[in-house]
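Colleague: One structure, pasted below without further comment.
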Amino acid sequence: MLHRNRIWTVHEVESSEELSKQLVGHSWTLCTGFYVSGYNEYVFVNDATSEDALQEYAVLKRVGTTFHQIESVTVSWCSDSELLELIRRILAGEFDDEHWTQIDARKLQSSAEHGTCPLCA
């Protein structure tokens with residue numbers, strides 16, 4: 001994870017398919033993250049260096065009061081179908097034993113908590 005000090009607004013999406021479409025089809029602000037409904041222990045947070053750079057997402061899994069990074073996905077290099085398959089594998093727990101770094105859960109916020117920051121202003 002490149003940006004361990006970043007704070008993200010985390011948004012819920014209805015399905016793995018919707019997450020794949022949102023990530024492949026759009027460039028998001030650097031403080032944006034997502035989770036799939038029913039799988040809020042897995043969060044995909046923007047880890048790109050800029051909005052114009054390759055879209056990179058760190059995949060985090062909640063472990064107690066922290067999140068462990070279990071994967072990193074360069075979305076810009078994935079087709080919708082490739083990303084969808086990877087999301088399904090992540091949500092099925094295939095990467096749960098990985099632990100690259102740790103992030104405090106307070107860095108993942110709702111829209112109301114996050115408000116506006118320099119990355120999304």
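For the sequence shown, counting from 1, position 47 maps to 47 in this note's numbering; every step adds exactly one. We put the CB at the ideal spot given by N, CA and C, even for glycine.
Sort out for me which residues DSSP pairs Y39 with in a bridge.
Modeller: Walking along the sequence shown from the start, residue 39 turns up at place 39. DSSP lists no partner for Y39.
Colleague: Taking just the CA atoms, how far does S79 sit from A105?
Modeller: Counting from one through the sequence shown, the residue named residue 105 turns up at place 105. Counting from one through the sequence shown, the residue named residue 79 turns up at place 79. So the alpha carbons of these two residues sit roughly 30 angstroms apart.
Colleague: When we look at the beta-carbon of A53 and count the other beta-carbons within 10 Å, is it buried (16 or more) or exposed?
Modeller: Position 53 of the sequence shown, counted from the start, is the residue given in the question as residue 53. Counting Cβ neighbours within 10 Å, A53 comes out exposed, since fewer than 16 surround it.
Colleague: Whose C-beta lies closer than 6 angstroms to the C-beta of T65 among residues of the same chain, with five residues either side of it excluded?
Modeller: As a first step, residue 65 must be located in the sequence shown, where it is residue number 65. The residues are A105.
Colleague: Which residue from W28, S15, A92, P118 puts its Cα closest to that of Q55?
Modeller: If you number the sequence shown from 1, residue 55 lands on position 55. Checking every option, the nearest Cα to that of Q55 belongs to W28.
Colleague: Which one of P118, I70, V59, L30 has the shortest CA to CA distance from A48?
Modeller: Counting from 1 along the sequence shown, the entry for residue 48 is found at position 48. It is L30 whose Cα lies nearest to the Cα of A48.
Colleague: Given a cut-off of 7 angstroms on the beta-carbon distance, is the pair E14 and S50 in contact?
Modeller: Against the sequence shown, residue 14 aligns to sequence position 14. Against the sequence shown, residue 50 aligns to sequence position 50. Taking 7 angstroms as the Cβ cut-off, E14 and S50 do not qualify as a contacting pair.
Colleague: Shortest alpha-carbon distance to T101 belongs to which of K21, E41, Q69, V10?
Modeller: The residue given as residue 101 occupies position 101 in the sequence shown. With distances taken between Cα atoms, T101 lies closest to Q69.
Colleague: How would you label W77, buried or exposed, when you count the other beta carbons within 10 angstroms and need 16 or more for buried?
Modeller: In the sequence shown, counting from the first residue as 1, residue 77 sits at position 77. Exposed, because fewer than 16 other Cβ atoms sit within 10 Å of the Cβ of W77.
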